[in-house]
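Here is the structure we will look at.
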Amino acid sequence: MRTTPEDILAAVADTLFPQGGDLSLGAADMPMSERLKSILDRMPRGLARRFDTLLRVFNASVVLTSGHTFLRLTPEARLAYFGESDTSRNPIRKNLAMIFKLFCELLYMSDERVQRAVGYDGLSKKPRSRDFGDSPSLHCRMYPDIRDEEWECDVCVVGSGAGGAIVAKELAEAGFKVLILEEGGPATRTDFDRHDLLERVGRFYRSHGFTTTFGTPPILLPMGCAVGGTTVVNSGTCFRTPEPVLAEWAGERGIAGMDPEAMSPLFDRVERILNIQPVGDEIMSRNGEVLKRGAEALGISDHGPIRRPVRDCHGSGECAFGCPTDAKQAMHLSYLPLAVEKGAVIVARCRVSRVEFQANRAVGLEAELLDPQTKRPAGRIRVRARRIVLAAGAIYTPWLLHRSGYRHALLGRNLRIHPGCGIAALFDEEILGWKGVMQCYYVHDLHEKGILLEATFPPPIVSYSAGTLPFVGLKHKELVARYRNVSTLGVILSDRSEGRVSFTPFGPVMRYSMTSEDVLRMKQAIEWGAQIYFAAGAKRVFTILPGLDDVSRAEDVPKISTNRAKGSSLKLSAYHPMGTCRMGANDDEGVTDADGRVFGIDNLYVADASLLPGTPHVNPQVTIMALATKVAFGLREGVKS
């Protein structure tokens, strides 16, 4: 009888979530096969094929150690296989086991019966004071309304996220005829109400959220793909670039206009338009209160509520999956409407294939119009533009430049990503960490070590599956049953490791491996988080380190930084790719100049995370926005002169 992917995944799920224990519901009680089929049916065909292939490789790879496929193992042998995978020296075994464990956890926690059992009710912390009704839709042109057309404009902006939307708004307000091309589709609050979290990930994240770096270790690097870019599905966290970082970029790197005094008005402008403000007590989660309590107990000085771009936030805790109340001022609710109001045109589901050059000028672009169902090209447009601004993100902007024939020694280099991990702690008290703002409180007392801790707790379907709880089988389910008593925080490491975007015939590949120095700093960050948790009253702290999954005594915390785990053993994720077209004082130091102009091309600019000369030590959203404002102002003044 033919083995199907559904058969393999059902066996994995039943191994990880057997029936019985404090939470009796097991994977066998759920329609796992039907859920998997539904997800695969919604995936782009190529991604679904790769997932199918990986499942079959996983099933067959077990033969190397056991002599049997995974499906033919006994239940006890299956459990042992997963239990030993974290410490395996075989990277294929380790990574495949991690991928399918993560996937099964997502499916298990998406069951409403499990969510009810752990206390999740889907309600915001502050009761909704009104009926929000249908969300207004930002007007976009797209296939099939347009098919094969030619356009002309003053400025064509590629990408509508934290960089592109700001450039479009500032230039449209200055009287430029602006055209915005965005690969993703439009998103509204109504979409977020009608679709569950897993479906939202598939609709508004690139590759269903499974983009990953290649290296040691592989790092999950999700990126948004929607009108509004990643701002639609990020946490909304807003930090100004620290002044010492700006001083370094202006002084040591010699980038004009990057000193704190010059950048301050740009930050002011962004913060005013987005109404950036700290999380208030009425929407602060218990998860954030725990981090605050631990920081105060240890006498840490630099901590506080996270600042976010919001209006009338109710603490729904779903920021990374689209705001269900339109409170988070993502680009599709803030800058893009202002741009459209001044005449800018957005073409959605439009993937730019190349920039056209004549001598040292960019004269236009070619782009594909994507069918909303198949995501395949269904039409084309050509654009003639007097100026072009690339804001497709730190992975796709260098890829597009390279694909268009532009060459530079630093193109795609200097990739930083802020690798991070989750730390969880078990308390006697009830936390219900998902009730309130998802990412709400920070601790940043180790700036010189580049470590930032943030209280982060998405809905259980995702926060739980982030790999922060150890063990497998019934032992693992015992922790799931007590999930209402769990607190989690995220580590953001200001990486000294550098990666690169490699340009292949199949698309960009993110190559990134952590240095031994950064591996040690990650362990120090985990140790610091554990200290804070025990100071806050935790009974157990769960790390991501093999051999030290569960720390139950404060006096054992120093063992974390001396743990012998290598980089290949870490389970990491990252959300901040940057630096791949970095600004520089000259052509030898960067791909772009201090105004974001691409060296060697008179009228081509970059305005996204690619520009960052280095890591800003904090979430880079506001840094990107301020730099995009700088690029727009420079371009505008350059035209006037």
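Heads up: the sequence shown begins at 432 in the working numbering, then just goes up one per residue.
Note that the Cβ used here is the ideal one computed from N, Cα and C, for glycine as well.
Note that the stretch 843-859 does not touch the stretch 690-705; fewer than 3 beta-carbon pairs, one per stretch, sit closer than 8 Å. The beta-carbon separation of isoleucine 862 and asparagine 718, rounded to 6 Å, stays under the 8 Å limit for a contact. Only residues of its own chain outside the window of five on either side were considered, and among them Pro436, Ala479, Phe482, Asp483 have a CB closer than 8 Å to the CB of leucine 471, listed in chain order.
Inter-residue distance for methionine 762 and threonine 1060 is about 14 Å (C-alpha atoms, whole angstroms).
Our two residues, glycine 998 and threonine 946, have alpha carbons roughly 8 Å apart in a direct line. If you compare the alpha carbons of Ile892, Ser497, Tyr943, Ala508 with that of glutamate 536, the shortest gap goes to Ile892. Restricted to the stretch 805-843, the alpha helix (DSSP H) segments that are unbroken, complete and at least 4 residues in length are 824-834, listed in chain order. Around the beta carbon of glycine 725, a 10 Å sphere encloses 16 or more other beta carbons of the protein chains shown; the residue is thus reported as buried. By the neighbour-count criterion, in which 16 or more other beta carbons inside 10 Å mark a residue as buried, valine 488 falls on the exposed side. Here DSSP, grouped into helix, strand and coil, assigns methionine 654 to coil. The beta-carbon distance between glycine 851 and alanine 1005, rounded to whole angstroms, is 6 Å. This is short enough to meet the 8 Å contact definition. For leucine 842 and aspartate 517, the gap between their C-alpha atoms comes out near 35 Å. In the displayed model, glycine 1010 falls within coil according to three-state DSSP, outside both helix and strand. If you look at isoleucine 923, you'll find it in the beta strand (DSSP E) that goes 917-924. 8 Å or more divides the Cβ of alanine 491 from the Cβ of threonine 505. A residue is called buried when at least 16 other Cβ atoms come within 10 angstroms of its Cβ; isoleucine 991 meets this threshold and is buried.
Annotated as distal: valine 778 and isoleucine 597, with beta-carbon spacing of 8 Å or more. Ranked by Cα distance from methionine 694, the options Met540, Arg671, Ile577, Asn1017 are led by Arg671.
Of the residues assessed, phenylalanine 937 falls on the exposed side of the cut-off, its CB having fewer than 16 other CB atoms within 10 angstroms. Around the C-beta of valine 494, fewer than 16 other C-beta atoms lie within 10 Å, and the residue is accordingly described as exposed.
Note that the stretch 804-818 touches the stretch 567-586; at least 3 beta-carbon pairs, one per stretch, sit closer than 8 Å. Taking the C-beta atoms as reference points, leucine 705 is found no nearer than 8 Å to aspartate 690. A Cβ-Cβ separation of about 6 Å places histidine 1048 in contact with proline 673 under the 8 Å criterion.
By the Cβ-count criterion, lysine 906 is exposed, with fewer than 16 other Cβ atoms from all chains shown falling within 10 Å of its own Cβ. With contacts defined as CB atoms closer than 8 Å, leucine 951 and isoleucine 975 fail to qualify as a contacting pair. About 17 Å separates the CB atoms of isoleucine 1055 and glycine 615; that is not less than 8 Å, and the two are not in contact. Leaving aside the five residues that flank histidine 833 on each side, the residues in its chain whose CB is nearer than 8 Å to its CB run, in chain order, Leu842, Gly843, Phe934. The count of Cβ pairs closer than 8 Å, one atom from the stretch 734-753 and one from the stretch 550-560, reaches three, so the stretches are in contact.
Proline 649 and cysteine 656 have their C-alpha atoms spaced approximately 21 Å apart. For arginine 473, same chain residues with a beta-carbon under 6 Å away, outside a window of 5 residues either side, are Gly633 in chain order. Contact annotation: threonine 668 and proline 653 have beta-carbon atoms that are not nearer than 8 Å. Burial state of histidine 570 is exposed, judged by a 10 Å Cβ sphere holding fewer than 16 other Cβ atoms. The Cβ atoms of alanine 912 and leucine 454 sit closer than 8 Å to each other.
For valine 721, the uninterrupted alpha helix (DSSP H) segment begins and ends at 717-728. Leaving aside the five residues that flank aspartate 926 on each side, the residues in its chain whose CB is nearer than 7 Å to its CB run, in chain order, Arg847, Ile848, His849, Pro850, Asp949, Thr1046.
Counting C-beta pairs closer than 8 Å gives fewer than three between the stretch 968-986 and the stretch 865-876, which falls short of the contact rule.
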